[in-house]
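Enquirer: The listed protein sequences correspond, in order, to chains F and B. Mapping the first sequence onto the working numbering, position 21 (from 1) lands on 21, and the numbers just tick up by one. Mapping the second sequence onto the working numbering, position 198 (from 1) lands on 1198, and the numbers just tick up by one.
Number of protein chains: 2
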Amino acid sequence: MKQVRIGLLGCGTVGGGFVRLVDSERARIRARYGIDLGIGRILVRNLAKERRGVDRALLTDCAVDVLDDGCDLIVELVGGIHSAGSYVRRAIANGRNVVTANKALLACAGGELFATAAASGVRIGFEASVCGGVPVIGALRRGLAGDSIEELTGILNGTSNYVLSRMEDGLTFADALALAQTNGFAEADPSLDVDGEDAAQKLAILAELAFDTPARKTIVTGIRGVTADDVAKARARGEVVRSIAEARRVAGGVELRVEPRCLPKGHALAAVRDEQNAVIVRGRAVGEIFLSGKGAGSMPTAAAVLADVIELAAAQGLDLRCRNPYCI
Amino acid sequence: MKQVRIGLLGCGTVGGGFVRLVDSERARIRARYGIDLGIGRILVRNLAKERRGVDRALLTDCAVDVLDDGCDLIVELVGGIHSAGSYVRRAIANGRNVVTANKALLACAGGELFATAAASGVRIGFEASVCGGVPVIGALRRGLAGDSIEELTGILNGTSNYVLSRMEDGLTFADALALAQTNGFAEADPSLDVDGEDAAQKLAILAELAFDTPARKTIVTGIRGVTADDVAKARARGEVVRSIAEARRVAGGVELRVEPRCLPKGHALAAVRDEQNAVIVRGRAVGEIFLSGKGAGSMPTAAAVLADVIELAAAQGLDLRCRNPYCI
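1) Three or more C-beta pairs under 8 Å: does that hold for the segment 251-258 of chain F against the segment 286-302 of chain F?
2) Using only alpha-carbon positions, find the residue among F:L144, F:L9, F:E25, F:R32 that is nearest to S86 (chain F).
3) Consider the Cβ of D147 (chain F): report whether some Cβ of chain B lies at a distance smaller than 8 Å.
4) Please state whether DSSP places S148 (chain F) in a helix, a strand or coil.
5) List the whole-angstrom C-beta distance separating R142 (chain F) from V122 (chain F), where the pair is believed to meet the contact cut-off of C-beta under 8 Å.
6) Can a CB atom of chain F be found closer than 8 Å to the CB of L1306 (chain B)?
7) Do T1159 (chain B) and D1195 (chain B) count as a contact pair if the criterion is CB distance below 8 Å?
8) Tell me where the alpha helix (DSSP H) around N1161 (chain B) begins and ends.
9) Can you tell me the Cα-Cα spacing of G1015 (chain B) and N1161 (chain B), whole angstroms?
10) In whole angstroms, give me the CA-to-CA distance for E1239 (chain B) and V1272 (chain B).
11) Would you mind sorting L1047 (chain B) into buried or exposed? The rule is 16 or more other CB atoms within 10 Å of its CB.
12) Verify whether the separation of the beta carbon atoms of G146 (chain F) and I1310 (chain B) is less than 8 Å.
13) Can you check the segment 1226-1271 of chain B for any alpha helix (DSSP H) of at least 4 residues that lies completely inside it and give the ranges in chain order?
14) My output table needs one value for F1018 (chain B): the three-state DSSP class, helix, strand or coil.
15) Counting only C-beta atoms, is P264 (chain F) closer than 8 Å to chain B at any point?
16) What do you get for Q1003 (chain B), buried or exposed, if any count of 16 or more other CB atoms within 10 angstroms of its CB means buried?
17) Out of F:E208, F:I223, F:G222, which has the shortest C-alpha to C-alpha gap to R216 (chain F)?
18) Mind pulling the chain B residues with CB within less than 9 Å of K294 (chain F)?
19) Below 9 Å on C-beta distance, what does A1200 (chain B) contact in chain F?
20) Starting from K1002 (chain B), follow its DSSP beta bridges and name the residues at the other end.
21) Using a C-beta to C-beta distance shorter than 8 Å, which residues of chain B count as neighbours of E333 (chain F)?
22) Does DSSP put E329 (chain F) in a helix, in a strand, or in coil?
23) For the beta strand (DSSP E) containing E208 (chain F), list its first residue and its last residue.
24) Work out the CA separation of L113 (chain F) and S120 (chain F) for me, nearest whole Å.
25) For the beta strand (DSSP E) that F1290 (chain B) lies in, which residues bound it at each end?
26) Would you identify the three-state DSSP class for T1100 (chain B), choosing helix, strand or coil?
27) Under 8 Å, with one C-beta from each stretch per pair, do the segment 1063-1074 of chain B and the segment 1161-1177 of chain B reach the 3-pair mark?
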C-alpha cells in the first residue's frame, strides 16, 4: 500500500471540509486505488481555534513547516494572491505537485505558474478553482479534447446567482445581498462577486483551457446595478435575469464577457437558481454540453480537490492502478 | 512529431464521422498535443459503397488486415457483440489499446475484457459508449473520484426520449416511433431502445464505474406500454413522462432500474427533450451534478471516441504533453 502524505495550506471552510473528506473517504480510496492518504501538516493562521475533526498535533502557523516537510504533495487552500503564490512557487521548486482551488491566483499568475511547473516536471491540479464540485476543468482537459470548442457560457458565481434568485422572490438588491451574507453564500466583502470579477477570473481559466488563442477583450459589468424593477420587468416578459459569463472566438482571439442578461424561461441557464453554478460548452462536433451543480461550499469544493489529489498521486509515479476493473 | 496510426473497425454513422473529425481536428491536435493522427486501415462490410471524405485505398473487408497491420491503436465501431468481441480480444492480444463505443459489448463482457486488458498492460477507452458526447465516463473516473457516489439517475436512451417528446406533442406511440425512424433517431428494429434494454446496458456500465459493489437487481420496463393518454394525463397534472434509468446503493449491492416515470415540470430531467441524454450523479460530498447533451449521432459520438484516442496516445508512452500550459 502506497502512502501519500499531504501538506495542507489553509484549514478554513474548504480546508476543514477536505480534512473531514480525506478521513471519510480514506477506506474507499485504499480499496479502490491502493493508496493510503494522510494529512502530514496543516498551515493555519490561528493555532488556538477549535476545528472539528482536525488533529491539533498537525497544525502549524509557519508555512515552511508544511512546505519543507517532505510531504508528497501540497494542497493550497489559503486563497488570495501574494502568500498563496509564494507557497505554490516554493512547492514547485521543491518538486512537489500542487492542488489548488485558488482562481484568483491562477487568473493572475497561471501562465507563469504552469510554465514553472512544466519546467520542474510537476503538475498543478485546479479542478476546484472553477464551479466547485462540477468537473468542468476535467471535461475541457479530457472528455472534450477531441473537439474544437467554439463558445463557453455559464453562471460561474454562486453568490450573484443567489442574489438574483432572491430578487426574483421580490427582494431588493441590498436585502438579497444581506440575506446571502446571513446564509453564508457571500463574503463579508462581496464586491468581487457582485462586480463580476470572480466570474471573470473563472472564465479566464476556462478560456485558457478551451481555446489555444489568447483572450483579447474582457468586459465585466456585474449585477450591482440590477434593480428589483429590472427583475420584475423581465419576469413580466417571461424572462429571468442571470449574470452570464461568456467566452467565444472572435476575429483575432477570444472575447470574455460577464454581464447581467435577460434569458427566456426555457433557456437552460434560466433554470439555474440559488447558489448553483452551470456551464454550457459548445463544441463544433459535440454541440452543446451542459454541466451544473454546487459551485461552492465546503464539501463540493473539497471533493474536487480530493479528485485532483488522487489523479496527481498517479502522475507521481506511485504505480496507481484503480482496482475497479472499468477504471484502469 | 509523434505519429499515431489508427486502425478503424467500422465506417458507418459514427465511423464515418470519426474519419471526418480526425481530418478536421488534425492540425489542432498536432499543435496542441504534438501528435499527428492518421487512419491506417478501415474495416468495412461493403467495399463498393460511396463514403464521403474516406480514402478508398484504406478500406478492407477483412478485419485481420486492420488488426494485424501494426496500427498504434484500434478503434472499434462495428457494434454488436460477437464479431466486435473477437476483434477487441485480438487487438488486446496484439498489445494494442482499444477505443470503443460499444455499450452492448461492455455490458455483456466488460468484466472479462477489462481484466484481459489489464493483464496485457493495455487500456480500453469507452467514453463514447454512454451518452455520446457527454463526458460522463470521464466525470465518474476522474472528476468525481474524490467522492462516494450514492445514486445515478438519467435519460440514457435518446430514441425513447424523442418518442416521449413527440407523444407530448399529441402523437400516438406508434406514430412517434415511426417519426423517430424517419428522422434517423431510431434503428430499423428499435426494440432495444423502447424496451429499455439499451438504457439498461449503459446504466450497467455507469454503475460498474461508480459503485465498487456488484449490481444486484435489474428492473427494465421500457416505454412500449406508454400511451398518448398517459402522457396527456401526466401533463394535466403539470408533469411529464420520461424513461428514467436509475442505479442506487441498496442493502447488499446496487439496484438498477429503467422505467417510465412521471416527473414534475420543475425536475431537471423533465426539461430534457428530444434526442438529448442527461445524467444526474449524486455524491455524498458534491451533492447533485447534472450533465446533459447530445447522447447519440455521428459527430458527438465521434468526438468522444477521439478524446479517448488522444488520452490513450498519452498512456501509450508517446511522451504526450499538451502544449496548452493549463493542460499539462
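We put the CB at the ideal spot given by N, CA and C, even for glycine.
Expert: Answer, in terms of the structure:
1) Touching, no.
2) The residue with the shortest Cα to Cα distance from S86 (chain F) is F:L9.
3) By the rule that beta-carbons nearer than 8 Å mark a contact, D147 (chain F) touches chain B.
4) If DSSP states are grouped into helix, strand and coil, S148 (chain F) belongs with coil.
5) Taking 8 Å as the upper bound for CB-CB distance, R142 (chain F) and V122 (chain F) are not in contact here, some 19 Å apart.
6) Yes, L1306 (chain B) lies at the interface with chain F (some Cβ there is under 8 Å from its Cβ).
7) Contact check for D1195 (chain B) against T1159 (chain B) fails: the beta carbons are separated by 8 Å or more.
8) In this chain, the alpha helix (DSSP H) harbouring N1161 (chain B) covers 1158-1168.
9) Rounded to the nearest whole angstrom, the CA to CA distance from G1015 (chain B) to N1161 (chain B) is 24 Å.
10) Near 13 Å, if we compare the C-alpha coordinates of V1272 (chain B) and E1239 (chain B).
11) Counting Cβ neighbours within 10 Å, L1047 (chain B) comes out exposed, since fewer than 16 surround it.
12) Yes.
13) Fully enclosed alpha helix (DSSP H) runs of 4 or longer: 1228-1236.
14) Helix at F1018 (chain B).
15) No, because no Cβ of chain B sits closer than 8 Å to the Cβ of P264 (chain F).
16) With fewer than 16 neighbouring CB atoms inside 10 Å of its own CB, Q1003 (chain B) falls in the exposed class.
17) Answer by Cα proximity: F:E208.
18) Ordered by position in chain B, the residues that pass the 9 Å Cβ test against K294 (chain F) are V1286, G1287, E1288, I1289.
19) Ordered by position in chain F, no residue passes the 9 Å Cβ test against A1200 (chain B), which lies about 16 Å from the chain.
20) Answer is B:I1035.
21) Nothing can be reported for residue 333 (chain F): it is not among the residues displayed for chain F, which extend from 1 to 328.
22) Residue 329 (chain F) cannot be examined here, being either before or after the span of chain F that is shown, 1 to 328.
23) For E208 (chain F), there is no enclosing beta strand (DSSP E); the residue is found in the alpha helix (DSSP H) stretching over 197-210.
24) Each residue's Cα considered, the two are about 10 Å apart.
25) Run containing F1290 (chain B): 1287-1294, per the beta strand (DSSP E) assignment.
26) Correct three-state label for T1100 (chain B): strand.
27) Counting Cβ pairs under 8 Å, fewer than three are found: no touch.
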